[in-house]
Every structure is written in C-alpha cells, then in structure tokens.
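Chains A and B are the protein sequences, given in the same order.
Position one of the first sequence corresponds to residue 431 (our numbering), numbered consecutively onward.
Position one of the second sequence corresponds to residue 107 (our numbering), numbered consecutively onward.
For glycine and all other residues, C-beta sits at the position ideal for the given N, C-alpha and C.
First up is the structure itself, then whatever we jot down about it.
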Amino acid sequence: MRAYAQIARLALLDMIAEWRVALCLIIALAAGVTPMLVLFGLKFGLIETMRERLLQNPRTLEIRPLGSGQFDQDWFARMAAREDVSFVLPRTRSIATSVILTAPGAGRGSFERIELVPTAVGDPLLEGPPPGEGEAVLSASAARALDLAPGDQAAIDIGRQRDGRRETASAAIDVLAILPESAFSRPAAFVPLSLLGDVERFRDGFAVAGFGAEGETPPEGTRSYASFRLFARDLEAIPVLRDLLEAEGHDIRTRAGEIEGVQAMDRNLSAAFWLIATVALAGLTLSLAASLWANVESKTGALAVLRLIGFPSAPLAALPVVQALVLSTAGMLLAGLLYLGIAALLNARFADSLAEGQLVCRLELQHFLLGFAALLSLGLLASVIGGVRAARIEPGERLRDV
Amino acid sequence: MVAPVYALKGVAREWRSGGTGFRLEIPSLTIEAGDVLAVTGVSGSGKSTLLDMLGLVLRPTEAEVFEFHPLGGRALDVASLWQANALDQFTEARGRHIGYVLQTGALLPFVNVRENISLSTALLGRPSPGWIEALAGRLGIEEHLNKRPAALSVGQRQRVAIARALAHRPEVIIADEPTAALDPETAARIITLMLELAEETGAAMIFASHDWEMVRRLGLRVLVPEVSGTTSVLRG
C-alpha cells in the first residue's frame, strides 16, 4: 500500500513538473470529447423538446372520432378493459353539447355559448378530482369570458323547440376548477355524463325530471352513444388503437403522424449520432492510447530507477494508470465546461423558437457520468497496456541512459 | 560464524549480439559484511556486468552457487530465484539491503533532491529526515535539498545519487564508476567520503573504477578481470 501511495504521489509530481505535457494531453482529450457532448446534447435536446411538446399536451394521447357513429355499452366495456387505453367515456351527439353558460353575478346579457364535455374519474385533461352532480370544471376561455373562478356559482341554459313552442331549462352548477389554457382551448364545461344525457333527452323532446321538463317518456333499454372520448396509455399505443378503430370502420383523428415523425427522427438522429460517435471514439481511443503509451515510454528511465530503488512491479504499473485517471478526469471536466458554454450559446441562439424551459441542446447528469465512465475506461485500457510495459521493464534496462 | 553477504561459485554471464559475443566468468567470489572491494580494469572487461549481478538486476546465464545473505535479512538463493523469475523478491531485497549508485546520477527529474534521496526510506515507511539532512551535510549538498536535479552540476548530482544509495542504511553499497564524470580531485574526495560512510554504517561496498592509481592509493582489495579474447575471468 505504501508503495502505491508513493507511486501515486510521484505520478502527480511528475505531471506537475511536466505540466505543459499534461496540459496538452488534457486539451487533446477535451478536444475529442467536447464535440461528442455537443452532438449528443443536440440530439437529446431536440428529441426531448419535441417529445415534451407532444407530451406536455395531454390531448396528444387523445383519439377523436370524426362524425358520429353507434357505440354501445359493450363497445365501451371492451375499450375500457384494454391495457393500452387509459380513459374512455361515451359522448352524446353534438346537438346535446352546445349550451349557454351564464353567471348570476355577471351583468345582464353576459353569457357564453359553450360546449359540454363529459368527464369522469381518470380524465387526463383534468388535474384534480372530476366534477360531481351539479359541478363543472371550466376551460380557461369559458371561465375568462364570464370572469368565473373556482367556487363561483354559474348556470347552464338549454333551449328546445317542442310542438312549435320554445322551452328552456336551466341547471345550476358550482365551478369546481378551471383548466389551463393548453388542456382545452375552446369555451367548455366538463360535467358528469349524466348531465349530457339529460341535455340530449331534453333536446330530443323527452321529459327530463332533473330539469322539470315535460315531454314524451324516453325509450327503455340499453342506449348507445354517438361518440366517445378516448385516451391512449402512451405514445406507442396510439398507432395500435388507430389501426383497431379504423379496422372497425370508424373515422378517427390522432396525432400519430406527429408522434411517428418524432420517433423516426429520434431513430435517424440516433443512428447518425452513433455513426459519428463510433468514428470519433475510435480516433479518440487511438490518440489517447498513443499519448498515454508515449507518456509511459518517456517514463521508462524513471521507472527503471524506481525499480532499482526497490519499487515492485505492480505499483510501477500503477504509475501510468494514475496519470491516465487524472488526465481523463481533467479532460472530462474541461470538455464539460466547454460543452456548457457551447450549449448555453446554442440555447440562447434558439431561445426565440422554444417555449419556456425547453432547450435545443441539453444533457442530463447521467449522460455526463456515462461519458466520464467511457473516457475513464478508455484511459484505463490505454494506460494498462503502458502499465504492463512499465512492470516488465527489466531492472537493468535503460538504467544507464538516465 | 556469520555467513558471507555474497557467496558465488561458477557464475557466468554471456552476451551475444550478432556474430560477436562476450563472457564473464566468476569461478568463486565471497564478500563479507563490511568488506570494501574495488573492481578495476579496462572498459568492456565486465565490471558493470559483475555489479549488476551483485545488485540483483542482471540475470546470470550460469550459476552453481549464488547466495545473497544480508545481515538482519533472510538469505536469498539468487541462482534459483532467477530461474523462478522471482523479480519482485529481488526488488524487495534491493529496497531493503542494497544501495546502488550509477555512473550518472539516475535521479528522478520531476522531484527535488530531498525527495530523490528519501525515495527508499519512504518506500520502506521509515522516514528519517534527520539522517537525510546529516547525509546531505556530509556530502556538501544540504543547500540544494529543495532544488530539482536539473539545477545541479554533474558532481552535485552524483553526490545526491550517493546520498540516495545510503539513505536507507543498506548492508551493501554498489557503485558503478560513481566518479567517472568528475575531476580527479573531487573523485578522490567523494570516494573517500563513500568509504567513510560505508565504514560508519557497517555496509559492504563494491565499486567499479577504471582509475587504478586512485584505487591503489586507497589500499583497497582489488579485483581485476583477466581478459583473453571474448572471455573475461574474475577471480575473487
């Protein structure tokens, strides 16, 4: 152990004495590593930014039907049971979704035509608990139009023509929460499905007890719905569900194209990155190995002296290894600093086209650690070859050239 | 009776390069503790070969008996250890018991004089700064302890090398033409100093020199290889 400590000390003293050589090696290492960090940072930053842009918006995972169809309880049960579906809920015909929102506190004539959206537990667009009976979660634009805040009272008014007469019904709602702008841009109120069912029956001219409205008795039996709200579990599930629904003959719209675009770009950039990285790594390995080898060769005399004085071969072999470790660490630190500077420049340059918190060039700590580990292993490999050479130096060898 | 430090019988080393060869034969050689032995003779007569074999850094090509028995250390059967290629045992023995002075200092250029002299004691974990100061004082290099070797003259560097060889109080001091690079006066002074230090520490000293006159003046036991053709015979 003593011999190792001595050798480590001598290795450091040697590098301090020959700091110009050490500096050159460190700069050479950093020159090889920095472009790789920037390249990988760009690749990672671009892809992550695009993925995040998609994923930040919960609607990315939504699969929306075009037009209306016929979806019965069995269909909903089947979809709800699927692993790759995170949320599915029936939706009524569009005739039943358009209502007037009023706020009692607001001035006369203050009303907003909004859309009713059915919701339930697990709705990806909601951040809190779903609204219960007599409650609603408003979209940002709906809340803004009537200056409503959570806890306020509001009402929805529904009109219909029955037997040539105009009738209206009204339902009081408590504002439970307001959605962020990005979740839903149009004026809307998220309410329990039962309210939409009532509105649909009311518009169809049936009697609705909840609204105190008279009319024909609604037909008995299981009902089917014209539409649905459906969210996939993750990006990968979207193409699967799209194919399934299209095979059932439904016209749907997804963001699969955008997602596949990002995924394809990720694959292509990854391939390009690894191609460049492989070439660069091979060059870096060779130059590193050559530099460290030359470093050991220039130490042959000193190693022979140490051998003569009585240092065993294993600690002697550690001398180039210690130096390689120090050089690799310093090279990585320098490369990291250079990378941070370049990344800051790139990110500043592209700041205009990016949203808050998005970066075109970025790496996470684990990437640095991975790069550091790779560089250390390379340095170790190259220096161990030199170290073995150092350990094999015959004690008498080159002694007289020192 | 104490065993001799070195006991050699039928030891030889051959060099071959291209068509020419060279052979050093040592039919028999015994060196006791505290002995002082000068090896002299023309260049190429095998002086360095003998010293390197005694210093356990050069493999003999033949060895009937080759024993190294430092005082206070265990005996090494050098002949069979070379066969077993037990280089680290030799390394350890050198570190503990042998101080080697080369023709040119062979100092580490990247550490200062004090560090150079302290290498062996640091390796053994026996730092003795007082002794190193004293040695440096005796050798007249105490004001250079904090300088790098490059800042010293050849003679000063040689004295640093001698201090380094003596720092761990070895039982054996081997010096290969330690004064070859020095003027005759300095050379004589340094050899005398080495002899004094060897006597004080009780070390055996074997040194090579081509300066027959000086060796004769000092009245030492002298070995002169007998060269005939490509063979050199060293009778102890």
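{"Check": "Helix, strand or coil at Ala169 (chain B) according to DSSP, with G and I counted as helix", "Outcome": "strand"}
{"Check": "Beta-carbon separation (whole angstroms), Arg659 (chain A) vs Leu519 (chain A), contact threshold 8 Å", "Outcome": "5 Å"}
{"Check": "Residues of its chain near Glu120 (chain B), where Cβ-Cβ distance is below 6 Å and the 5 sequence neighbours each way are ignored", "Outcome": "Arg129 and Thr167"}
{"Check": "Classification of Asn218 (chain B) by the beta-carbon crowding that lies within 10 angstroms, buried from 16 upward", "Outcome": "buried"}
{"Check": "N-terminal and C-terminal residue of the alpha helix (DSSP H) that Thr549 (chain A) is part of", "Outcome": "That residue, Thr549 (chain A), is in no alpha helix (DSSP H); its beta strand (DSSP E) goes Phe541 to Thr549."}
{"Check": "Anticipated Cβ contact below 8 Å, Ala458 (chain A) with Ser717 (chain A), distance rounded", "Outcome": "6 Å"}
{"Check": "Any chain A beta carbon closer than 8 Å to Glu198 (chain B)", "Outcome": "yes"}
{"Check": "Contacts around Val117 (chain B), its chain only, beta-carbon distance under 6 Å, and the 5 residues preceding and following it disregarded", "Outcome": "Ile132, Pro166, Ala169 and Phe172"}
{"Check": "Endpoints, alpha helix (DSSP H) assigned at Ser154 (chain B)", "Outcome": "Lys153 to Leu160"}
{"Check": "8 Å Cβ cutoff, Tyr112 (chain B) in contact with chain A", "Outcome": "no"}
{"Check": "Burial state of Met431 (chain A), where buried means 16 or more other Cβ atoms lie within 10 Å", "Outcome": "exposed"}
{"Check": "Contacts of Glu448 (chain A) in chain B (Cβ-Cβ under 8 Å)", "Outcome": "Phe216"}
{"Check": "Close beta carbons around Thr522 (chain A), own chain, < 6 Å, minus the five adjacent residues each side", "Outcome": "Leu626 and Glu630"}
{"Check": "Span of the beta strand (DSSP E) around Lys473 (chain A)", "Outcome": "First-last for Lys473 (chain A): Trp449 to Gln486, but that is the alpha helix (DSSP H), not the beta strand (DSSP E)."}
{"Check": "Three CB pairs or more closer than 8 Å across the stretch 152 to 167 of chain B and the stretch 271 to 284 of chain B", "Outcome": "yes"}
{"Check": "Bounding residues of the alpha helix (DSSP H) (the contiguous stretch that carries Glu291 (chain B))", "Outcome": "Pro290 to Thr307"}
{"Check": "C-alpha gap between Ile706 (chain A) and Ala720 (chain A), whole angstroms", "Outcome": "21 Å"}
{"Check": "Partner residues on chain B for Asp444 (chain A), Cβ-Cβ distance less than 7 Å", "Outcome": "Phe216"}
{"Check": "Three-state secondary structure assigned by DSSP to Ala747 (chain A)", "Outcome": "helix"}
{"Check": "Inter-residue CB distance, Gly462 (chain A) and Ala773 (chain A) (contact presumed, cutoff 8 Å)", "Outcome": "Not confirmed; about 18 Å, so no contact."}
{"Check": "Beta carbon of Leu711 (chain A) nearer than 8 Å to that of Ala619 (chain A)", "Outcome": "no"}
{"Check": "Closer than 8 Å to chain A by CB, Asp183 (chain B)", "Outcome": "no"}
{"Check": "Rounded separation between Ala607 (chain A) and Pro560 (chain A) - CA only", "Outcome": "9 Å"}
{"Check": "Assigned exposure category for Gly562 (chain A) - 16 Cβ within 10 Å defines buried", "Outcome": "exposed"}
{"Check": "Beta-carbon proximity list for Ser615 (chain A), same chain, < 7 Å, skipping 5 on both sides", "Outcome": "Ser571"}
{"Check": "Interface residues of chain B facing Val735 (chain A) [CB-CB closer than 8 Å]", "Outcome": "Ala212, Leu213 and Leu214"}
{"Check": "Element boundaries [beta strand (DSSP E), containing Ala584 (chain A)]", "Outcome": "Gln583 to Arg592"}
{"Check": "Cβ distance (whole Å) where Pro110 (chain B) is taken to contact Ile137 (chain B) below 8 Å", "Outcome": "6 Å"}
{"Check": "Span separating the alpha-carbon of Pro235 (chain B) from that of Ser224 (chain B)", "Outcome": "8 Å"}
{"Check": "Gly161 (chain B) vs Ile204 (chain B) beta-carbon contact at 8 Å", "Outcome": "yes"}
{"Check": "Supposed close pair Leu272 (chain B), Leu241 (chain B) - CB separation, criterion 8 Å", "Outcome": "6 Å"}
{"Check": "Test item: CB-CB of Phe216 (chain B) and Ala447 (chain A) under 8 Å", "Outcome": "yes"}
{"Check": "Under 8 Å between C-beta atoms of Val752 (chain A) and Ala438 (chain A)", "Outcome": "yes"}
{"Check": "Close Cβ partners of Gln583 (chain A) (< 7 Å) along its chain, the five nearest in sequence each way excluded", "Outcome": "Pro534, Ala602 and Asp604"}
{"Check": "Candidates A:Pro622, A:Gln436 and A:Leu699: closest to Thr527 (chain A) by CA position", "Outcome": "A:Pro622"}
{"Check": "Candidates B:Arg275, B:Arg263 and B:Gly211, of which the one nearest Ala199 (chain B) by Cα", "Outcome": "B:Arg275"}
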